[in-house]
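Encoded as structure tokens, the structure appears first; notes follow it.
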Amino acid sequence: MKDEIAVLYPNETVSTAVLKYCRERSLPLPEHIDRHADLTEKELGDKSEMMVSRLQAQYLLWTARSLGAKKVLEVGCFTGFSALALAEALKDVDGAKIITMDIDPDTGEIARKAFKEAGVDHFVSLVLGPAEKTLADLVPEGPFDLVFLDANKDGYVTYFNTILELGLLRKDGVLIADNVLKKGLVVNATEVNPSVVDTYALGKVPHVQEFNDLLAKDKRVETFLLPVFDGLALVRVL
Ligand SMILES: C[S@@+](CC[C@H](N)C(=O)[O-])C[C@H]1O[C@@H](n2cnc3c(N)ncnc32)[C@H](O)[C@@H]1O
């Protein structure tokens, strides 16, 4: 069927123009959040590629607000860019709470400073440590309405199972997992895929495949895989 052809746009020129068009016509990020992304790029160079794109941050903002989320959990804070977008969605919600987790104290310090400067540190907090361990301490904080999973891919299966087993996500709550298609390598890692030379991405592929396969067959959830950005899994708890 025609609408199942996976190539979204024919080349980089068209894709770039489409992204710009979408950015300009989607719920915008406030200036201070855009500036934080600029700062992360300036200070951390190539490492800043860890951040979600600006359009994806707009998507997170729109989604959190549209779901009416009050409590949000993020696994993978980095310098706090995506958490700031989520905070923007929740800033006027009574009793809002965002917990974001990361293992890296250096980027964590940047994130905490950004939360303070943005005036959201009264409801956004960073938990430092390996999420494999720290997730278990969050039971009294839950259940959450929305979880954004954007950390080490070899942890996705454990995070997902822990979140469901501990009831950290409420019924009808939504989990969004990032990078579940890994430049298409998850589906095709042969020489027809130019990203096959990206050994870093390639190393993540078996973990993401295991995660996607689990989601597809797990009766506790319903899943939709979205082939935009680097692939998003949208997962609703039954
Ligand atoms: C892709 S980045 C997150 C980007 C962030 N969501 C954003 O858009 O700005 C992934 C983060 O996961 C963190 N991470 C890696 N292993 C982890 C672990 N075991 N527990 C918690 N965080 C971890 C890394 O330190 C890194 O900051």
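Per the UniProt record's numbering, the very first residue in the sequence shown carries number 1; after that it's consecutive.
Beta carbons: idealized from backbone N, C-alpha and C, even for Gly.
- Closest in C-alpha terms to Gln56, from the list Leu168, Glu222, Lys219, Leu232, comes Leu232.
- Taking non-hydrogen atoms of ligand 1 into account, the C-beta of Asn152 is found less than 7 Å away from one of them.
- Distance from Thr40 to Glu74 at the Cβ level is roughly 16 Å; contact not present, criterion being Cβ atoms closer than 8 Å.
- Between the region 158-167 and the region 179-190, the count of C-beta pairs closer than 8 Å stays below three; the two stretches do not touch.
- At a threshold of 7 Å, Ala118 does not count as near ligand 1, since its beta carbon sits no closer than that to any of the ligand's heavy atoms.
- Taking C-beta atoms as the reference points, Leu214 and Val196 fail to come closer than 8 Å.
- The alpha carbon of Leu27 has as its nearest neighbour, out of Phe123, His207, Ser125, Ser66, the alpha carbon of Ser66.
- As the crow flies, the alpha-carbon of Leu234 is around 22 Å from that of Leu138.
- Under DSSP, no beta-bridge partner is assigned to Leu61.
- Close CB contacts of Thr107 within its chain, under the 6 Å cut and outside five residues either way in sequence, are with Phe78, Thr79 (chain order).
- Along the region 111-161, the beta strand (DSSP E) occurs as fully enclosed runs of 3 or more residues at 124-128, 144-149, listed in sequence order.
- Bounds of the beta strand (DSSP E) holding Thr223 are 221-226.
- If the five residues before and after Leu225 are omitted, its C-beta is found closer than 6 Å to the C-beta atoms of Ala233, all from its own chain and listed in chain order.
- Contact annotation: Ile98 and Ala111 have beta-carbon atoms that are not nearer than 8 Å.
- About 3 Å separates the CB atoms of Ala151 and Gly76; that is less than 8 Å, so the two are in contact.
- With three or more CB-CB distances shorter than 8 Å, the region 205-220 counts as touching the region 173-184.
- Val174 sits in a strand when the DSSP states are folded into three classes.
- At a cut-off of 3 residues, the continuous stretches assigned as beta strand (DSSP E) that sit fully inside the region 33-94 are 71-75.
- Your pair Val147 and Leu175 checks out as a contact, with CB atoms roughly 4 Å apart and the cut at 8 Å.
- Here Thr100 carries a strand assignment [DSSP, helix/strand/coil].
- Where Leu214 is concerned, there is no enclosing beta strand (DSSP E), although the alpha helix (DSSP H) around it starts and stops at 199-217.
- If you look at Leu234, you'll find it in the beta strand (DSSP E) that goes 232-237.
- In the three-state scheme derived from DSSP, where H, G and I count as helix and E and B as strand, Leu181 is classed as coil.
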